[in-house]
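In my numbering, the protein residues as written are 2 to 173. Think of the CB as a built atom: it goes at the ideal place given N, C-alpha and C, for glycine as much as any other residue. The structure appears below as C-alpha cells.
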C-alpha cells in the first residue's frame, strides 16, 4: 500500500502488541485486532486502521497517535479545537442558488456510541431511536420525513434513490 501503514507503530517490537492486544474498549468492546483487521485482510488499504469508538484513540494511543500525526502532518503536542458557534461559519454558497435537498452521511461519532467499525447492533438501534426523536423537534423548513431502511417498502426505496435522497447499493 502506498498510504499510511497501520503495522509500522507495532514493528519496533511486539511488546506493544502484547500490551494492547487484550484490551477491549468500554464503549463497544473494540480491540486492536479489530482495528487493524482491514489491513491484515487486504493489502490495498490507504490507512488500514480504524477506530471502533472514541475509546480506541485513548486505549490504543501508542498505535493511533503516530499514524494520526503522520497522516495529518501534525506534531505530538498538537491539540484539536472545536468551534460549534454557527455564527462563525463562512461559506461561498450563492444565496440565490436554491437548495432542493440535502443528504447527510454520518461518519462521525456520537458520545457513548461506537463508530462505524465498532458500533453494536444495540447501539445502532438506540442511536436511531435518539435521532428519530431529535428529528421530530426540527422546526419549519428543517422538518421532514424519516425513512428507516429496515422494512422499507421497495417502491419507497426506489423513489428515494431516484430523487437522490438515498444512496444506491455500492455507493461509497
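Give the range of the alpha helix (DSSP H) segment to which residue i is assigned.
i           : result
residue 84  : That residue, residue 84, is in no alpha helix (DSSP H); it is neither H nor E in DSSP.
residue 167 : Premise fails: residue 167 is in no alpha helix (DSSP H) and is neither H nor E.
residue 128 : 122 to 136
residue 16  : 16 to 21
residue 147 : Neither: residue 147 is in no alpha helix (DSSP H) and is coded neither H nor E.
For residue i, name the three-state secondary structure that DSSP assigns.
i           : result
residue 41  : helix
residue 173 : Low local confidence applies: a pLDDT of 45 at residue 173 is under 50, so the model's placement there is unreliable, with the coordinate-based value given in what follows. Note: residue 173 maps to coil in three-state DSSP.
residue 67  : helix
residue 111 : coil
residue 27  : coil
residue 95  : coil
residue 142 : helix
residue 77  : coil
residue 157 : helix
residue 52  : coil
residue 57  : helix
residue 33  : helix
How about residue i and residue j: do their beta carbons lie closer than 7 Å?
i           : j           : result
residue 53  : residue 35  : yes
residue 72  : residue 65  : no
residue 60  : residue 37  : no
residue 148 : residue 133 : no
residue 55  : residue 110 : yes
task = Report yes or no: do three or more beta-carbon pairs, one from the stretch 42 to 51 and one from the stretch 126 to 142, lie closer than 8 Å?
result = no
request  = Evaluate contact between the stretch 22 to 31 and the stretch 109 to 124, counting only Cβ atoms and requiring at least three cross-stretch pairs below 8 Å.
outcome  = yes
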